[in-house]
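A short worksheet on the structure shown next.
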Amino acid sequence: MSKHSALNTFGRSGNPAFTRNFENTEAFSQSERMTLDGAVNKTAILLTLCFAGAFAGWNVPALAMPGLIIGTILAFVTIFRSPAKAGSTAPFYAAFQGMALGGITVFAEMQYPGIGIQAIGLTFGILASLLFCYKSGIIKPTENFRLMVFSATMGIAILYLVSFIMSFFGSGIGFIHSNGLFGIGFSVFVVGIASLNLVLDFDFIEDGAEKGLPQYMEWYGAFSLMVTLVWLYIEILRLLMKLRSR
Amino acid sequence: MNAIFFGVLTILSLFIFMNLGKIKASKKQMNRDDRINWDGKRRTNFQKNRARSKIIEGSAEEIDDSIQK
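Sequence order for the protein chains is A and B.
Residues in the first sequence are numbered from -3 upward in steps of one, following the working numbering.
Residues in the second sequence are numbered from 6 upward in steps of one, following the working numbering.
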């Protein structure tokens, strides 16, 4: 007990921002905090579930569409509704997206044999090399870096959305799907932006572990890494298909 | 050959991710002033601002009006 009655009544500071800060550091014990080990292990669990889902989607390609729809809904639920419940939604997201990826890969393999393993190898190759670049300090994510990557990602999302809506009316933005020089250049750009999103995910996980965020953020960090990996895999697959179709 | 090369690349990359991911980033990466502020709160570098601060450290003296300037 402090001899100052105001401290006893209002705590160390009356400012709500500071009060919340003190609560954050004291509310969680060391075992309940986010760690790098935990985030990596949870990513491994999600990857295993994704591969299991992909195995199912590979053998039953009809599962691709329901997997894609349910996976997308679960992704939005995790992001906008309950990041704290990522531990229960992220495993289902990984499994359902795995089904979708398995089905998509079967269709790609039918047209271009051997393309699936190339896309998987390149996706994980980019993951490992960017992780090395991030950990060693070769790539330094700053606020401007985040702004640039976020703007580019939003731009691509809007372009895809417009193209998707236009496809219902029998037209579309042709160049982004073509196998011409412009189409391939666009795909290379999108793969680059998806790869840079991985750096943001690494920084988010590292920052969370350093600050000792609550343990459920391990699941959220692993989930955000999975979302980026799924996007990167699809974009690499599209790029390889464009290159092979020339 | 294609499958072997990309299969080995996949396994090697996953192995690197599982091991390197658990190691803390380098000091060059961690000790930066321009790091991303993920929690959205203003980050103040007290050491950097100390030199520019207008606060004079020391004990205060009472002004005596009777002293002639």
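We put the CB at the ideal spot given by N, CA and C, even for glycine.
Here the structure is a predicted model, which is why all the values come from computation and not from measurement.
- The beta-carbon separation of A:Ile113 and B:Asn7, rounded to 7 Å, stays under the 8 Å limit for a contact.
- By the Cβ-count criterion, A:Phe219 is buried, with 16 or more other Cβ atoms from all chains shown falling within 10 Å of its own Cβ.
- Beta bridge pairing from DSSP links A:Pro210 with A:Arg29.
- Interface annotation for the segment 11 to 27 of chain B against chain A: Phe11, Gly12, Leu14, Thr15, Ser18, Leu19, Ile21, Phe22, Met23, Leu25, Gly26 and Lys27, criterion Cβ-Cβ distance under 7 Å.
- Here the alpha carbon of A:Leu42 sits roughly 11 Å from the alpha carbon of A:Thr85.
- In chain order, Leu155, Ser159, Gly179 and Phe182 place their CB closer than 7 Å to the CB of A:Ile172, counting only its own chain and leaving out the 5 sequence neighbours on each side.
- 9 Å or more divides the Cβ of A:Tyr229 from the Cβ of A:Gly83.
- Inter-residue distance for A:Leu209 and A:Ile201 is about 10 Å (C-alpha atoms, whole angstroms).
- Where A:Pro87 is concerned, the enclosing alpha helix (DSSP H) starts and stops at Ala82 to Gln107.
- Below the 9 Å Cβ cutoff, chain A contributes Pro137, Thr138, Glu139, Phe141, Arg142, Leu196, Asp199, Phe200 and Asp203 as neighbours of B:Ile41, in chain order.
- Proximity to B:Gly26 across A:Glu28, A:Thr39 and A:Ser25 peaks at A:Thr39, based on C-alpha coordinates.
- Take the alpha-carbon of A:Asn37 and the one of A:Trp215: they are about 10 Å apart.
- Listed by position along chain A, the residues whose Cβ is nearer than 8 Å to that of B:Ala8 are Gly110 and Ile113.
- Counting other Cβ atoms within 10 Å of its Cβ, A:Ile69 stays below 16 and is therefore classed as exposed.
- Rounded to the nearest whole angstrom, the C-alpha separation of A:Thr224 and B:Gly63 is 54 Å.
- Neighbours of A:Phe120 across chain B, judged by C-beta separation under 8 Å: Leu14, Thr15, Ser18, Leu19 and Phe22.
- For A:Val226, same chain residues with a beta-carbon under 6 Å away, outside a window of 5 residues either side, are Gln93 in chain order.
- Counting the other Cβ atoms within 10 Å of the Cβ of B:Ile28 gives fewer than 16, which makes it exposed.
- Taking each of A:Pro137, A:Val73 and A:Leu236 in turn and checking the Cα distance to B:Asp38, the smallest one comes out for A:Pro137.
- DSSP, reduced to helix, strand and coil, places B:Asn24 within a helical segment of the structure shown.
- In terms of CA proximity to A:Ala80, A:Gly217 leads the group A:Ala90, A:Gly217 and A:Arg242.
- Around A:Ser132, the beta-carbon contacts reaching into chain B at under 9 Å are Ala30, Ser31, Lys33 and Gln34.
- In the structure shown, A:Gly49 adopts helical secondary structure according to DSSP, grouped into three states.
- One thing to note: B:Ile41 has its Cβ within 9 Å of the Cβ of A:Asp199.
- A:Pro137 sits in coil when the DSSP states are folded into three classes, being neither helix nor strand.
- Contact annotation, A:Gly117 with A:Gly49: C-beta distance approximately 19 Å; criterion of less than 8 Å not satisfied.
- When C-beta distances to chain B are compared with 9 Å, the residues of the segment 36 to 56 of chain A below that value are Val36, Asn37, Thr39, Ala40 and Leu43, in chain order.
- For the C-beta of A:Ala124, the chain B residues within less than 7 Å are, from N- to C-terminus, Ser18, Ile21 and Phe22.
- Nearest C-alpha to A:Met61 among A:Ile100, A:Lys207 and A:Val186: A:Ile100.
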